[in-house]
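Here the structure is laid out as structure tokens; the discussion comes afterwards.
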Amino acid sequence: MEILYGNAVIGQSGGPTAAINATLSGVIRGAMAHKEIGKVYGAVNGIVGLLEERLTLLDPQFADEEAFHALECTPAAALGSCRKKLPDPDKDPSIYEKLFAIFAKYDIRYFFYIGGNDSMDTVAKLYAYAAAHNYPLRVMGVPKTIDNDVMGTDHTPGYGSAAKYVAVSVQEMMRDCAVYAVPAVTVVEIMGRDAGWLTAAAGILSRYHGAAPDAVYLPERVFSYEQFERDLRSALARHPNVVIAVSEGIRLADGTYVGEGTQSGATDVFGHKYLSGAGKTLELWIKEKIGCKVRSVELNILQRCASHVASRTDIEESVLVGRSAVDYAVRGVTGKMMCFIRTSDKPYTVDIGAVDITQAANNVRCVPDHFINAAGNGITDACIDYILPLCEGELNPIYRHGMPVHFVIDKNVTVPGAKG
Numbered sequence: 009m010e011i012l013y014g015n016a017v018i019g020q021s022g023g024p025t026a027a028i029n030a031t032l033s034g035v036i037r038g039a040m041a042h043k044e045i046g047k048v049y050g051a052v053n054g055i056v057g058l059l060e061e062r063l064t065l066l067d068p069q070f071a072d073e074e075a076f077h078a079l080e081c082t083p084a085a086a087l088g089s090c091r092k093k094l095p096d097p098d099k100d101p102s103i104y105e106k107l108f109a110i111f112a113k114y115d116i117r118y119f120f121y122i123g124g125n126d127s128m129d130t131v132a133k134l135y136a137y138a139a140a141h142n143y144p145l146r147v148m149g150v151p152k153t154i155d156n157d158v159m160g161t162d163h164t165p166g167y168g169s170a171a172k173y174v175a176v177s178v179q180e181m182m183r184d185c186a187v188y189a190v191p192a193v194t195v196v197e198i199m200g201r202d203a204g205w206l207t208a209a210a211g212i213l214s215r216y217h218g219a220a221p222d223a224v225y226l227p228e229r230v231f232s233y234e235q236f237e238r239d240l241r242s243a244l245a246r247h248p249n250v251v252i253a254v255s256e257g258i259r260l261a262d263g264t265y266v267g268e269g270t271q272s273g274a275t276d277v278f279g280h281k282y283l284s285g286a287g288k289t290l291e292l293w294i295k296e297k298i299g300c301k302v303r304s305v306e307l308n309i310l311q312r313c314a315s316h317v318a319s320r321t322d323i324e325e326s327v328l329v330g331r332s333a334v335d336y337a338v339r340g341v342t343g344k345m346m347c348f349i350r351t352s353d354k355p356y357t358v359d360i361g362a363v364d365i366t367q368a369a370n371n372v373r374c375v376p377d378h379f380i381n382a383a384g385n386g387i388t389d390a391c392i393d394y395i396l397p398l399c400e401g402e403l404n405p406i407y408r409h410g411m412p413v414h415f416v417i418d419k420n421v422t423v424p425g426a427k428g
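Those letters in the sequence shown? Residues 9 to 428, per our numbering, in order.
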């Protein structure tokens, strides 16, 4: 192994989670523990901030364990995030020339990017460019996403906490809905464009809590209004208060999103449509077709920022995978994404590994068939066995005046020449 000395830069990208800062904490912890790494920089707003030389020094801000603990209990992306797709380096090398000039200016030899499958595209391109131009840079992707749809890993940091929030919220709504005897339907819309992992989490309540949604609809199955009506009428015949969970990305047989009529039609830089509206569409349909009392509830960004019910398993694993990314890079590994390798469900055990970055970039990992019931309106025991361990355990955040204390990174702790 060639020993590589130099500085490190860390960026966060894509949608934030309740655990992405725990991963950041792990990377900072790891970088500060290795003598091969000098300064630890944070790229403010990810690759966009790096291009603009908006850097902040991180190591002086973490002088004690309390700072790390507070960061690990803080939701959202403490460094700020972005959604930027880098061009093909062969078609537009100017951005890469600028980025690598910045790397050279600050003697950056380690690059860690915390993000989802689109963010891994950035990691793959930077790794390829560094290799093609013989620039000594170790590039590592560290996964995150509440959607749990990154290829190459058993699960993603952030999913366990979001899944726990979804299950807890649906459980609380079911208790609330059960107080009246008037026939009513509550539609809970949950994030998930192409993969229904988060919506599937609503179904884990059936194992221990004596209640679960009457139906769970995932984008992995074609949505049928005919089946939907049969499911609703069957549930209403059993009890007056029906709760169903739907992914925002459920589609009809022709590929049309159920909520498309209430969406803006806008897309992000990766070509993904901005989704929402499935719950409202179904609410209006139920009102017209069934005629009972009906409401829709969109959990929206609360799914990804509800750190007050974060999973201890998720947070501890997020710190570990971040720290392991540094360990791997210092040992000479580059062009990889860190991953979890599940070795057992009962008891739950997991190992940390690394996969080639091309396995993750721009790919989507969907809920497998054996996790979805035969009717396509619920999940199986195997799915519950998979999800439950990721939701286990509670954190002990620092409280002040009854409110949790969040850690705010000082983005003005700059370095000479940086723009801050």
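Glycine included, each C-beta is placed from N, C-alpha and C at the ideal position.
Note that the structure is a prediction, hence the values are computed from the model and not measured.
CA nearest to the CA of residue i, picked from the options
i	options	result
residue 257	200, 263, 243, 236	200
residue 47	58, 59, 64	64
residue 203	236, 173, 255, 185	255
residue 294	308, 234, 326, 339	234
residue 21	15, 374, 32	32
residue 376	355, 369, 392	392
residue 413	28, 39, 79	79
residue 384	364, 225, 243, 335	225
residue 321	374, 300, 165	165
residue 227	198, 30, 113, 354	198
residue 246	87, 196, 163, 186	186
residue 328	317, 360, 310	360
residue 27	41, 170, 49	170
residue 82	237, 317, 62	317
residue 223	210, 217, 230, 99	210
residue 167	206, 231, 99	206
Residues sharing a beta bridge with residue i, DSSP
i	result
residue 142	According to DSSP, which records beta bridges pairwise, residue 142 is partnered with nothing at all.
residue 249	192
residue 255	198
residue 63	51
residue 19	121
residue 411	408
residue 101	Its beta-bridge partners do not exist; DSSP assigns none.
residue 151	123
residue 359	349
Alpha-carbon spacing of residue i relative to residue j, whole angstroms
i	j	result
residue 272	residue 285	Any answer about residue 272 is weak, because its pLDDT of 47 lies below 50 and its placement is not dependable; what the coordinates show is given next. The straight-line gap from Cα to Cα measures roughly 10 Å.
residue 67	residue 119	15 Å
residue 282	residue 266	Because residue 282 carries a pLDDT of 49, less than 50, the predicted location of this residue cannot be relied on, and no value is offered for it.
residue 126	residue 332	21 Å
residue 219	residue 212	9 Å
residue 261	residue 268	14 Å
residue 264	residue 296	21 Å
residue 86	residue 29	6 Å
residue 177	residue 141	50 Å
residue 194	residue 214	18 Å
residue 135	residue 335	18 Å
residue 105	residue 309	36 Å
residue 397	residue 189	35 Å
residue 290	residue 179	21 Å
residue 216	residue 175	12 Å
residue 44	residue 132	23 Å
residue 90	residue 380	33 Å
Test item: CB-CB of residue i and residue j under 8 Å
i	j	result
residue 92	residue 55	yes
residue 12	residue 117	yes
residue 36	residue 208	no
residue 160	residue 347	yes
residue 154	residue 312	yes
residue 253	residue 196	yes
residue 69	residue 417	yes
residue 162	residue 369	no
residue 19	residue 59	no
residue 15	residue 96	no
residue 34	residue 410	no
The segment 339-346 touching the segment 142-150, judged by at least three CB pairs closer than 8 Å: yes
Cβ contact (3+ pairs, closer than 8 Å) linking the segment 400-407 and the segment 383-391: no
Validate contact between the segment 70-89 and the segment 98-113 using beta carbons, cut 8 Å, 3 pairs: no
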